[in-house]
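Presented below is the structure to which this report refers.
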Amino acid sequence: MKKILPLIGSIALLFTLDACKVTTSSSSSGSEMDSSTTSNDDISTSVPDINDFSQDITLEDGLKVFALAYENTLNAESLKINADLTDVKIDKTTTSQTFVDGELESSSTLNSKISLTSDIGLAINMDATKTVDQAFKAVANISNTDFNFAAKADDNNSVAFEINFDSIDAYLQGTDLYLDVTGSDIYDQVLEIIPLFSHGDENQVEQIASMLEQMGEKIVFDLSSLNNSTSSPLPVVSDVIASLPTSEELIQSFNDAFTTSPLLKEFFTCKSNGEDTLININITEDEYCEFLASILSSSDPSVPPYTVEDVKEIMGDLFGVNNFNFDIIINESGYVSYLATDVDMRVGLSSTSSSSSGDENVVTTSITDTTTADIIFNTSFTFDFAAIELAFPSDLESFVPFPLTDSSQLQN
């Protein structure tokens, strides 16, 4: 059978793209359907009510269902995804401090904020007999999108901009990515943003404006340049799939992890509504700290066991959890049909580098970089593995290549 899961990353550029133009040839259960272009509503997958999942099932049974879904996904030839990025935010702060012989000499801080809301639709077909650069065809649309970015340094230098549009279409055939931004007004918004980074260079803005005008609103990117391998051919998809763990090995990996760290089981809850299976992953800050304390304590039995409070003190401001919840629904046929996330947490990283100079009077300079990010990821995804026939526009040959390399490529 053809397979799809591990190679979805190859078209990650399209995964942020709602409501695709597809024709459906059959449903996942094999029943015949009319072959016609569907609307946005036609490709939406109905979602069971989470509150209907009231029957408790064991984690062992839940993992068996998950392993079946893993195997079915690997064997899928087609996939439709509808995504609702309800609230995606990243608030990141990076502080750099320079110490000379232990004394603080300088410090700088940069704060950046990103927010995104969007509706996304993606339909994929794949031929596992082809190499990874030629195996995929996809149709996608990103709509109702609002992207905001702001950055400010401690010297009050700042930049901020917003991009929003109703709809953009994209099409993938092998290494050719086609983008149709007709009516999205995105070019005008880009031209408003350019001065923020061009340091007042009006000539640069004019050049970009001229280029966008020449390209028009339908462009094509050649993704083959992303392949840096020159010594060996790219692998065939089926060969890549064959190297992945089997569903039995996946279950064994889970069981091994639960044996090594029994507290991991506390993160999982499995329920049923009589037909479908709900796998819930929920982690509180205290539960995570308790889990980490058990890991740290087992690593050195000669020291007193770590407590939750010890771990919180060690992590300080570099970690915190308000919400961390994933709901995964697997339908009665053994396919993932729904995924919802509710994440609100802080993660951080700190690193220090040191150097010494001088012969008689050695001077030690150390630089400490600390980055913290507050992350909100409130999303929902529906999945449909029905066989689909992708509908591509008839004018793909007229899309203008980017970057422009020949005046003959320009539109008249």
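Basically my numbering = 1-based index in the sequence shown + 16. Beta carbons: idealized from backbone N, C-alpha and C, even for Gly.
In this structure, the CA atom of Val-256 is about 27 Å from the CA atom of Ile-345.
Burial state of Ile-311 is exposed, judged by a 10 Å Cβ sphere holding fewer than 16 other Cβ atoms. For the set Phe-165, Leu-294, Thr-398, the Cα lying nearest the Cα of Ile-66 is the one of Leu-294. When only Cα atoms are considered, Asn-394 and Met-361 end up about 11 Å apart. For Asn-164 against Ser-183, the beta-carbon gap comes to about 19 Å, at or over 8 Å, which does not count as contact. For the pair Asp-100 and Thr-161, the Cα-to-Cα distance works out to about 10 Å. With fewer than three CB-CB distances shorter than 8 Å, the segment 70-87 does not count as touching the segment 335-342. Phe-82 is the residue among Ile-73, Gln-71, Phe-82 whose C-alpha sits nearest the C-alpha of Leu-355. In the three-state scheme derived from DSSP, where H, G and I count as helix and E and B as strand, Tyr-354 is classed as strand.
Secondary structure of Leu-101 (DSSP, three-state): strand. Here the alpha carbons of Leu-250 and Asn-243 stand approximately 9 Å from one another.
By the Cβ-count criterion, Gly-290 is exposed, with fewer than 16 other Cβ atoms from all chains shown falling within 10 Å of its own Cβ. Sequence-distant partners of Glu-121 (beyond 5 residues in either direction) whose C-beta falls short of 6 Å from its own C-beta, in its chain, are Thr-114. A residue is called buried once 16 or more other Cβ atoms fall within 10 Å of its Cβ, and Gly-350 is buried on that count. Close CB contacts of Thr-125 within its chain, under the 6 Å cut and outside five residues either way in sequence, are with Thr-111, Asp-170 (chain order).
Counting only the Cα atoms, Asn-91 lies some 29 Å from Asp-72.
The shortest C-alpha to C-alpha distance from Phe-237 to any of Gly-190, Phe-283, Lys-168 is the one to Gly-190. DSSP places Ala-144 outside both helix and strand once states are collapsed to three, so it counts as coil.
Note: Gln-268 is not bridge-paired with any residue in the DSSP secondary-structure output. Using a Cβ distance threshold of 8 Å, Ser-372 and Val-363 do not count as a contacting pair.
Taking the Cα positions, Lys-281 is about 53 Å away from Val-416. When rounded, the separation of the alpha-carbon atoms in Thr-387 and Glu-348 is 44 Å. For Pro-417, the secondary structure class from DSSP, reduced to helix, strand or coil, is strand. Lys-108 is bridged by DSSP to Ser-128, Ala-389. Cβ contact annotation for Asp-201 (same chain, cutoff 8 Å, sequence separation greater than five): Phe-181, in chain order. Judged by DSSP in its simplified three-state form, Ile-299 adopts coil rather than helix or strand.
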